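Everything in the sequence shown is counted per our numbering, starting at 422 for the first residue and increasing by one. For each residue, glycine too, the CB sits at the ideal point set by N, CA and C. The structure presented is a predicted model; accordingly, all values stated were derived computationally and were not measured. Below: the structure, in structure tokens.
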Amino acid sequence: MMSPTARSKVLVLCTGNSARSQMAEGLLREIAGDRFEVFSAGTRPAGLNQNAVTAMSEIGIDISQHRSKSVDEFNGQQFDYVITVCDDAKESCPIFAGTGKRVHHSFEDPAAAPADQQLPLFRRVRDEMSGWLREFVRDAPV
């Protein structure tokens with residue numbers, strides 16, 4: 422059992438760690454407050470997507486200092502939750518020893534849309550993700 426001051430460790434995974442997992446990291450930090458220690462990574466890191474930064478800044482969450490990280494940076498670490506936000510990451514997600522629970526919800530890739538349609542899609546995915554993460558936080562055991 423965790424001590425009253427311990428926080429659950431959460432790793433959010435996507436393919437590029439450029440958009441969806443970065444937005445989820447920022448949202449989960451905002452929604453859960455001090456309840457979780459949140460990280461994100463990608464199976465093939467591709468750099469932070471500026472549209473993700475813009476969409477998040479519109480709701481007051483600054484992810485501009487985030488960086489795209491490889492899942493390899495977290496080898497050997499234990500997580501209470503590993504959340505995959507795309508099907509590719511779910512399929513290629515490494516096993517983390519001692520990881521408590523894997524959670525999956527696939528969100529559309531806004532970076533795959535034509536350039537003129539990306540920002541509205543980033544906003545939609547951000548809002549869908551926010552609702553889903555609120556449910557996750559509500560239902561996750563303390």
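Item                                                                                                                                                            : Value
For the alpha helix (DSSP H) containing R523, name the first residue and the last one.                                                                          : Counting along the chain, R523 falls outside any alpha helix (DSSP H), though it belongs to the beta strand (DSSP E) covering K522 to H525.
Closest to E529 by CA distance: which of A427, S442 and S429 is it?                                                                                             : S442
Assign A462 to one of three DSSP states: helix, strand, or coil.                                                                                                : strand
The beta strand (DSSP E) with I504 in it runs from where to where?                                                                                              : Y502 to T505
Taking contact to mean 3 or more Cβ pairs, one atom from each stretch, closer than 8 Å, check whether the region 424-439 and the region 492-506 are in contact. : yes
Can you list the alpha helix (DSSP H) stretches of 4 or more residues lying completely in the region 427-494, in chain order?                                   : 441-453 and 471-478
To the nearest angstrom, how far is the alpha carbon of K522 from that of P562?                                                                                 : 11 Å
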